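First the structure, in the form of structure tokens, and then the observations on it.
There are 4 protein chains.
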Amino acid sequence: MRIGVLTGGGDCPGLNAVIRAVVRKGVGTYGHEFVGFRDGWKGPLENKTMPLTVKEVRGILPRGGTILRSSRTNPFKIEGGVERIKANLAELGVDALVAIGGEDTLGVATKLTDLGVNVVGVPKTIDNDLNATDLTFGFDTAVNIAMEAIDRLHTTAESHHRAVVVEVMGRHAGWIALHAGLAGGANVILLPERRFDLADVIAHVQKRFEIDYSPIIVIAEGAMPADGDMVTVTGELDSFGHVRLGGIGNWLAQQIVQQTGKEARAVVLGHIQRGGTPSAFDRVLATRFGLAAIDAVNDRDFGKMVALRGTEIIRVPLIEATKELKTVPAHRFAEAEAFFD
Amino acid sequence: MRIGVLTGGGDCPGLNAVIRAVVRKGVGTYGHEFVGFRDGWKGPLENKTMPLTVKEVRGILPRGGTILRSSRTNPFKIEGGVERIKANLAELGVDALVAIGGEDTLGVATKLTDLGVNVVGVPKTIDNDLNATDLTFGFDTAVNIAMEAIDRLHTTAESHHRAVVVEVMGRHAGWIALHAGLAGGANVILLPERRFDLADVIAHVQKRFEIDYSPIIVIAEGAMPADGDMVTVTGELDSFGHVRLGGIGNWLAQQIVQQTGKEARAVVLGHIQRGGTPSAFDRVLATRFGLAAIDAVNDRDFGKMVALRGTEIIRVPLIEATKELKTVPAHRFAEAEAFFD
Amino acid sequence: MRIGVLTGGGDCPGLNAVIRAVVRKGVGTYGHEFVGFRDGWKGPLENKTMPLTVKEVRGILPRGGTILRSSRTNPFKIEGGVERIKANLAELGVDALVAIGGEDTLGVATKLTDLGVNVVGVPKTIDNDLNATDLTFGFDTAVNIAMEAIDRLHTTAESHHRAVVVEVMGRHAGWIALHAGLAGGANVILLPERRFDLADVIAHVQKRFEIDYSPIIVIAEGAMPADGDMVTVTGELDSFGHVRLGGIGNWLAQQIVQQTGKEARAVVLGHIQRGGTPSAFDRVLATRFGLAAIDAVNDRDFGKMVALRGTEIIRVPLIEATKELKTVPAHRFAEAEAFFD
Amino acid sequence: MRIGVLTGGGDCPGLNAVIRAVVRKGVGTYGHEFVGFRDGWKGPLENKTMPLTVKEVRGILPRGGTILRSSRTNPFKIEGGVERIKANLAELGVDALVAIGGEDTLGVATKLTDLGVNVVGVPKTIDNDLNATDLTFGFDTAVNIAMEAIDRLHTTAESHHRAVVVEVMGRHAGWIALHAGLAGGANVILLPERRFDLADVIAHVQKRFEIDYSPIIVIAEGAMPADGDMVTVTGELDSFGHVRLGGIGNWLAQQIVQQTGKEARAVVLGHIQRGGTPSAFDRVLATRFGLAAIDAVNDRDFGKMVALRGTEIIRVPLIEATKELKTVPAHRFAEAEAFFD
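Chains P, R, C and Y, in that order, are what the protein sequence lines are.
Per UniProt numbering, the very first residue in the first sequence carries number 1; after that it's consecutive.
Per UniProt numbering, the very first residue in the second sequence carries number 1; after that it's consecutive.
Per UniProt numbering, the very first residue in the third sequence carries number 1; after that it's consecutive.
Per UniProt numbering, the very first residue in the fourth sequence carries number 1; after that it's consecutive.
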């Protein structure tokens, strides 16, 4: 069997662990051959391939990023894109695809399945906002990086009687903010799932200063105040994509200064949250996802994606990947509130 | 309500996070008062107490160990022990206990429950070998520490064409070896759950050297060769407890030298696996366990312990804690075997 | 002898190690007594004190920040400030001061010495820009944090064919940028010491993309392009101090996008560089500074500060602390240029 | 110019950084060509070579170990060894060698220089025991790893009222023990440079327990008690090299148990101290050494090795590398004694 592998969407610690597991078990146990497609769906679309044998996957387990590179190319938005993919796969003798990616990448995989392409999906979202699986790889690494930053910021905040606002990833779901905030001992955590009351945040900040401690506020990049909207808040949305020069973190720090008269600083963690070596949890989960994906391919159980349920890896229909966003439920947010000073 | 808290058995990253969560929510949400019992069951037995207010638990979230200290004291093995505990609790006006510990500590808790003491348990085992919960805190930290050591040992092994045997914790269950080995890219993983065939291990080692790589073998301290038994293997069991001077790791390294003529080194990770700051996963899980425990106390739902099931924290009967050891099942070990060179 | 200790200016990993060493050796070897002054010079000015015995300094070695807290208060800018300090010291029976701080804090110390106050200084600058000492504590920790971030950003940059601009601390001297850039394998390093030619940077970026790698540019916050000045560059200088919403890093990323058509991201490391547990190097250097400072006090060798020269700690006149900024010399920058792609 | 590069002796974090700097500047600035010799002096002896262009050194800066591999082969101990090396170099057209290694490797380099081979040396000793240079790369990484282990062991020691003995590298010089002990807050530090009085150590241990803290003793593997010698102490010296099953650390832990009745544990850090990614300090120092070495080669200034003096890299005669061991002087040990409880 000849199998193509690709990674799409934003990079995420653990992608290389998935690729390695797919190839190692595919070659070693099943005798498969592999074609590496570069740059996500652009790979099969433009015939951008690279060799993918056991040799290429040696030593990549601890490495962040993806040796296959990635892109956000969507073949369904390109005239004749799907036909080109099918033609290229046929020409290369590729019988099945392992597609590793998030909502967009797996959305394409789902539609291709309907069009007769053999695909098995591996879910990837650093934000952990996918309903079909208990957890996704990359999330644990991101939370650890954010937690270590918060640990560091506590001491500098205390030394200067200063509020520190830490802006973490999470446009639509606040899982990173929730877990990093819980793990880092944040005094307030603000999520996209619930608009926050600025007066309430200011009150927490003041209370914290009163007991002679310095407040740490963890805020997801997608969090918003109750009155006012994102357009007003960010203002300086940049022309080149994600890096908002005056994001919600900076805005909140400014509000704290203005309303409390205390010093405040904002730290925007940005891309350091998604690069670098994966945590043990993510390496194990990604490896297990890879093993389960190649098993599914070998079983010719296409149109499925792998998922974590409890301690086991299961298969669910690919369509699950795009069905519903997993947001932070009220009872999980209530856990964090027990620590709001 | 006046509640006692104690930690028993071996220490584990996350104990302080549990204590903090219990006290923060107990005081802040329910208005409870707390008594800290020192040194596990020795605390209520000998009336060794310490103050346990919000002040004592500030800043302890990132700290390893336990501010309450620990011991392996078992009141049921001490003449009149149980009566003294009941008398001391009555005298201190302690209405309920939160007992944080492993099989032994929770075994005592279970028996005390039968004798009318109000206890809620929080499971703790760094080895993750407790059947009643999907995961326990401390395990993730231990696996990360072992993985980082393995990452380091790869480069020194390669540079010297040398086999490296890494002995990790795990007397009866090989979870740490399995996960650290998977995460660290071990070439062979040996667990207590299945006796290993030395000839087989040697064959893997030789095969790895043949492809010009250096083998890393991860072995649980409780793993044993198929022929021969522990007494023969260790020989020099020391007089003061755990530190076996010539443990299984050193024995295996010696066998590799003798049978392959190559260099080999053993590294025994030992106690660094259980100390120090907890990982984000463990801080979050321990915090959630603490919150759920104090909820159970407040509900007067005694004789229960908290547990992780999927992504939720549930309550199970305390008796579950001691019922059955969770060992590595065959299908999980098979995952690792896909990577044995 | 009764000695006051204070920490002034921005916090820095290692401050607690200095305090601990001063107190431990002062009490243990010399039998001194200590008064902790809080919030830098505000402490002796406003009689803000805290106990400072061996008990207070236990366990603080690995902790970032300063248990004495800090401020930028300058008594010479306050009417009658110096007189109040002298009166307060007299009243408290404080015979000598150990002042730990940077240019400003030690500038005050120098002037107070001239006015008859017994001071020994310990130099502190995370930027390492002090001519009188080979190295200062805190710098090594900051460089390690920045390097780890760069390590992480490499993989995310590669995966997305994307340029990443990393903005690090350094307003007037580029030591952190130079060392973090060298250690992190940056392709271009930009320092405040030499205005950069934007066309040149763009050329390096393009050359790097041509060989199918992604460029990482490390830039000090104080770096400036050859044409244009800081006001033009940042535009949105904020009203509350350091956090420039549109700093030089973001500006450069935007220029790269506009001139190369490639993606680019800026990451501003900010305050995570100065918080948290110190590296081994900084703990040892800070400890040795503290020991040497209390030796100087005990010798009544006032008006001096301690400094590292080669492998030894020496004493130099306090005035040295404010004499000249140590900037990156041409031959050190040339080292980095050997790696510019 | 055609230049050979080799790495000899035990591996050390930073070796790859040296190799990379030599090649990057050699190719980029001077237009040199390189031959990689594998396995130390065995490379030129047995014509074991590998390509060494800019391509091979990409991405190796953060990696531990050495891409050239290493060995302890000494051509002067092999009949006709030196002649074969000279013949092989001539045949390969290799005009000069960069030899990176410790006392043994550079000892060979020195003798070869006398026999007309063009060599420039780069000093490498993880133990930092080389008199000719202020510091060597690898040492800082080892100290950080040991310190992190000690940080972790503090919490587990405290939780169990237990003494912990940490055995670190250092057969003849105690630099790692001294710096890791200072950085980790050890209560006693024992070095090879001065035989220790067991009764004295026991007294410190007891005093520490009395103030309700747990003692951490850092001991170099080469430390010895005042009465008794190494043979008696270790007993079970193993047949396969370094790993002493019952080393001095285990012996000391046993003594503490027997003489105090308290629990004690020994942790032998072993090879994790020398593997893995280098610290920023070591990456920068190793890079600077590599740059300076290729400069020396280009200047045809052979028979020299590079060294750190203060903040500058200088050249010293190769013979310096083997002249004298740099041991811990009394005044440096006295620094640590200030913290012995």
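Where is the CB? At the ideal position from N, CA and C, for every residue including glycine.
As the structure is a computational prediction, the values presented were derived from the model and not from experiment.
Below-7 Å beta-carbon distance, H179 of chain R vs any chain P residue: For H179 of chain R, at least one C-beta of chain P is nearer than 7 Å to its own C-beta.
Start and end residues, alpha helix (DSSP H) containing P44 of chain Y: K42 to E46 is the extent of the alpha helix (DSSP H) around P44 of chain Y.
C-beta neighbour in chain P for F340 of chain R, strict 7 Å: With 7 Å as the cut-off, F340 of chain R does not count as an interface residue toward chain P.
Identified DSSP bridge partners for T7 of chain Y: Paired residues: Y:I100.
E193 of chain Y - DSSP class collapsed to helix/strand/coil: When secondary structure is reduced to three states using DSSP, E193 of chain Y falls in the coil class, being assigned neither helix nor strand.
Cβ-Cβ separation, N144 of chain C to D341 of chain C (assumed contact under 8 Å), whole Å: The distance from the Cβ of D341 of chain C to that of N144 of chain C is about 24 Å, inconsistent with a contact at the 8 Å cut-off.
Of the listed residues C:R152, C:R208 and C:L285, nearest to P123 of chain C (C-alpha basis): For P123 of chain C, the closest C-alpha among the options C:R152, C:R208 and C:L285 is that of C:L285.
Close Cβ partners of N128 of chain C (< 8 Å) along its chain, the five nearest in sequence each way excluded: Hits under 8 Å: L135, T136, F139, A173, W175, I176 and K326.
Per-residue contacts from V284 of chain R into chain P (C-beta, under 7 Å): Result: H179, L182 and A183.
Rounded straight-line distance, which links the Cα of E221 of chain C to that of A142 of chain C: Going by the C-alpha atoms only, they are around 14 Å apart.
Residues within the stretch 62–89 of chain Y neighbouring chain C, beta-carbon criterion of under 7 Å: Identification of residues in the stretch 62–89 of chain Y having a C-beta nearer than 7 Å to some C-beta of chain C yields P62, given in sequence order.
CA-to-CA distance, E263 of chain C to F209 of chain C, given in whole angstroms: Roughly 11 Å separates the two Cα atoms.
Closest residue to V218 of chain R among R:A203, R:P225 and R:G184 (Cα-Cα distance): Of R:A203, R:P225 and R:G184, the smallest CA-CA separation from V218 of chain R is found for R:G184.
First and last residue of the uninterrupted alpha helix (DSSP H) at V35 of chain R: Where V35 of chain R is concerned, there is no enclosing alpha helix (DSSP H), although the beta strand (DSSP E) it sits in stretches over E33 to F37.
Anticipated Cβ contact below 8 Å, R2 of chain P with V35 of chain P, distance rounded: Rounded to the nearest angstrom, the Cβ distance from R2 of chain P to V35 of chain P is 7 Å, consistent with a contact under 8 Å.
Residue environment, P51 of chain P, which counts as buried when at least 16 other CB atoms sit within 10 Å: Classification of P51 of chain P: exposed, given that the 10 Å Cβ count is below 16.
Three or more C-beta pairs below 8 Å linking the stretch 151–169 of chain R and the stretch 273–281 of chain Y: Short answer: they touch.
Residue of C:A90, C:G247, C:G116 and C:T7 minimising C-alpha distance to R72 of chain C: Of C:A90, C:G247, C:G116 and C:T7, the residue nearest in Cα terms is C:T7.
Contact residues within the stretch 265–279 of chain Y, judged by C-beta distance below 9 Å to chain R: For the stretch 265–279 of chain Y, which is checked against every Cβ of chain R, the residues closer than 9 Å are R265, A266, V267, V268, L269, G270, H271, I272, Q273, R274, G275, G276 and T277.
Strand pairing of K304 of chain C, partner residues [DSSP]: BP columns for K304 of chain C point to C:V120 and C:P317.
Pairwise C-alpha distance: P192 of chain C and M224 of chain C: For M224 of chain C and P192 of chain C, the distance between alpha carbons rounds to 6 Å.
As assigned by DSSP and simplified to three states, the class of I67 of chain R: In the displayed model, I67 of chain R falls within coil according to three-state DSSP, outside both helix and strand.
Bounding residues of the beta strand (DSSP E) (the contiguous stretch that carries V328 of chain C): First-last for V328 of chain C: undefined, no H or E at that position.
Chain Y contact residues for T110 of chain R, given Cβ-Cβ distances below 9 Å: Those do not exist, as T110 of chain R stays about 23 Å from chain Y at its closest Cβ, beyond 9 Å.
CB contact check: M147 of chain Y to chain C, cutoff 7 Å: Output row for M147 of chain Y: interface = yes.
For V27 of chain Y and K55 of chain Y, the rounded distance between their alpha carbons: Distance from the CA of K55 of chain Y to the CA of V27 of chain Y, rounded to the nearest whole angstrom, comes to 11 Å.
Backbone secondary structure at M224 of chain R - three-state DSSP: M224 of chain R: coil per DSSP, three-state reduction.
Unbroken beta strand (DSSP E) run spanning E263 of chain C, endpoints: Where E263 of chain C is concerned, the enclosing beta strand (DSSP E) stretches over E263 to V268.
From C:V18, C:V257, C:P44 and C:F333, residue whose alpha carbon lies closest to that of residue 351 of chain C: What the structure shows of chain C is the stretch from 1 to 341, and residue 351 of chain C is not part of that stretch, so it cannot be assessed.
Cβ pair V267 of chain C, G270 of chain P closer than 7 Å: The Cβ-Cβ distance between V267 of chain C and G270 of chain P falls below 7 Å.
Bridge-paired residues (DSSP) for I219 of chain Y: Bridge partners of I219 of chain Y: Y:E167 and Y:L190.
Other residues of its chain near A21 of chain Y: CB distance less than 6 Å, five sequence neighbours each side excluded: Excluding sequence neighbours, A21 of chain Y sits near T287, G290 and L291.
M1 of chain P - DSSP class collapsed to helix/strand/coil: Secondary structure at M1 of chain P: coil, using DSSP grouped into helix, strand and coil.
heavy atom of the ligand FMN below 6 Å from G185 of chain R C-beta: In terms of ligand content, the structure shown is empty, and the ligand FMN therefore cannot be addressed.
Sequence-distant residues of its chain with Cβ nearer than 8 Å to A336 of chain R (five each side left out): The answer, listed in chain order, is L178, G181, L182, A186 and I189.
Range of the contiguous alpha helix (DSSP H) that encloses T156 of chain C: Run containing T156 of chain C: F139 to H160, per the alpha helix (DSSP H) assignment.
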